[in-house]
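First the structure, in the form of structure tokens, and then the observations on it.
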Amino acid sequence: MSASSGRYARAATPGAGTSAASHSTSHSGSHSPAHASRGPRRSPAGGGGLHILVAASLWGTTGTVRTFVPEASSVSIAAVRIVMGGLLLLALAAWTARGAGLRRLLAVGGHRWWLCLGAVALIAYQTLFFVAAARTGVAVGTVVTIGGAPAFAGLIGLVTRQSAFSGRWALATAGAVAGCAALVLGGSDAGADPLGIALALLSGFSYAVYATIAGMLIARGEDDRAVAGALFGISAVLILPALLATGPGWAFGGTGALVALHLGVLATAGAYALFARGLKTTPATAATTLTLAEPAVAAVLGTAVLGERLGGVALGGLALLALSLLVLIVPARR
């Protein structure tokens with residue numbers, strides 16, 4: 002992926018500055034100290050921030066790798082990622098503690114509805130992004146989707162009373178979004194289509210919905226591997242007809258098989274497993290901001306592998322983005 006290359010699926014969580022325990026207590030209506038002590042505490046980024054950065058870095062490789070199979074459609078690429086990655090994540094969830102976490106998650110009737118909604122949001126996120134990128138260009142589609150997702154996640158958390166804005170998050174997000182815009186727009190000349198931009202915003206909103214649901218379930222004490230496995234497993238079932246309709250033949254031999262393995266195993270199953278682990282200690286809006294590392298990795302790979310050049314504006318955006326992410330990664334003084 003270059004500075005103007007596409008991005009694919011990823012997730013985030015709800016709520017900046019909240020702990021998993023506070024999610025749980027808001028759900029139950031209890032605010033006693035005994036209840037507030039339950040669940041893992043969330044710091045602005047915590048050790049989980051490193052997991053999220055590694056996951057975002059893996060996502061940043063998808064655009065560059067995708068160029069090796071130009072015959073594959075964007076929908077087919079997304080479907081292969083979801084189906085292959087979903088099966089692996091579901092298998093991991095079933096293997097962990099012999100599937101105890103997965104059985105507990107699915108045993109709660111209310112959780113099943115949230116899982117279905119999250120799976121639909123995940124598919125909508127990818128599909129809307131690909132359509133938006135086709136209309137308005139990958140550069141504009143990427144920056145609108147990436148830049149909109151942290152804001153949508155923060156607003157959803159605020160409306161649902163799962164989070165409150167913090168000055169540190171606002172500063173880091175503003176800097177990261179500005180850096181991302183400079184990186185992408187400074188790296189290419191891109192046109193803008195109003196409908197394409199609208200679809201990109203809907204894509205970012207779908208991502209935030211998925212993120213909120215995943216983070217909410219994990220914050221309520223559900224196993225992170227079970228949540229990731231269930232969401233992707235349901236998504237894989239739902240998107241399987243699209244995979245068959247678009248023709249996945251490119252993924253069964255030669256370069257296509259290697260690309261499919263990278264996208265499904267590393268950039269989806271591996272990345273989402275790391276991301277889900279990071280969500281246990283990282284607030285939602287911080288997590289969505291940290292995933293803005295993806296276009297930075299994409300830009301570096303575009304320069305090193307694809308021979309693309311970054312101008313001064315793009316390089317300045319890359320530096321601003323890196324500095325903004327450090328604001329969230331470095332622990333705050335207590």
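Heads up: the sequence shown is residues 2 to 335, going by my numbering. Note that the Cβ used here is the ideal one computed from N, Cα and C, for glycine as well. Given the structure is predicted, the values throughout are model-derived calculations rather than measurements.
Kindly indicate the opening and closing residues of the alpha helix (DSSP H) around residue i.
i: Arg-278; result: 272 to 279
i: Gly-205; result: 195 to 220
i: Gly-254; result: Unbroken run through Gly-254: none, as it is neither H nor E.
i: Thr-63; result: 63 to 67
i: Leu-103; result: 101 to 108
i: His-52; result: 49 to 60
How many Å lie between residue i and residue j at the Cα?
i: Ala-339; j: Ile-235; result: With the chain covering 2 to 335 only, the question about residue 339 has no answer from this structure.
i: Ala-95; j: Leu-88; result: 10 angstroms
i: Arg-169; j: Gly-312; result: 29 angstroms
i: Thr-256; j: Ser-74; result: 15 angstroms
i: Val-306; j: Thr-65; result: 8 angstroms
i: Trp-60; j: Leu-51; result: 14 angstroms
i: Gly-318; j: Ala-277; result: 28 angstroms
i: Leu-241; j: Ala-80; result: 7 angstroms
i: Val-76; j: Phe-131; result: 7 angstroms
i: Met-217; j: Val-314; result: 38 angstroms
i: Leu-264; j: Ala-122; result: 20 angstroms
i: Ala-237; j: Leu-321; result: 37 angstroms
i: Gly-176; j: Thr-292; result: 13 angstroms
i: Pro-284; j: Asp-224; result: 16 angstroms
i: Gly-155; j: Ala-173; result: 13 angstroms
i: Leu-54; j: Glu-295; result: 8 angstroms
i: Pro-249; j: Ala-323; result: 37 angstroms
Would residue i be called buried (16 or more neighbouring beta carbons within 10 Å of its own) or exposed?
i: Leu-203; result: buried
i: Pro-71; result: exposed
i: Arg-104; result: exposed
i: Ala-252; result: buried
i: Ala-299; result: buried
i: Arg-99; result: exposed
i: Val-178; result: buried
On the three-state DSSP scale, how would you describe residue i?
i: Val-84; result: helix
i: Glu-223; result: coil
i: Glu-295; result: helix
i: Gly-248; result: coil
i: Ser-167; result: coil
i: Ser-74; result: coil
i: Val-306; result: coil
i: Arg-42; result: In this predicted model, Arg-42 has a pLDDT of only 48, less than 50, meaning its place in the structure is not dependable enough to derive any value.
i: Gly-265; result: helix
i: Gly-312; result: coil
i: Thr-174; result: helix
i: Thr-146; result: helix
i: Arg-162; result: coil
i: Thr-290; result: helix
i: Thr-283; result: coil
Going by C-alpha distance, which of the options is nearest residue i?
i: Ala-220; options: Gly-248, Cys-117, Leu-280; result: Leu-280
i: Ala-57; options: Ala-101, Gly-317, Ala-270; result: Ala-270
i: Leu-212; options: Leu-327, Thr-304, Arg-82, Thr-290; result: Residue identity differs from the one stated: residue 212 is Ala in this sequence, not Leu. The shortest Cα separation from Ala-212 among Leu-327, Thr-304, Arg-82, Thr-290 belongs to Thr-290.
i: Gly-149; options: Ala-209, Leu-116, Leu-262, Leu-129; result: Ala-209
i: Met-85; options: Ile-53, Leu-259, Ala-125, Thr-62; result: Leu-259
i: Leu-327; options: Leu-316, Ala-288, Arg-226, Gly-308; result: Ala-288
i: Thr-304; options: Asp-224, Ile-53, Thr-62; result: Thr-62
i: Arg-136; options: Ala-201, Leu-275, Gly-110, Gly-205; result: Ala-201
i: Tyr-126; options: Ala-199, Ala-246, Thr-68; result: Ala-199
i: Ala-92; options: Ala-227, Ala-268, Val-301, Ile-157; result: Ala-227
Consider the C-beta atom of residue i and the heavy atoms of the ligand NAD; say whether any pair is separated by less than 6 angstroms.
i: Ser-325; result: Ligands in the displayed structure: none, and consequently the ligand NAD is not present.
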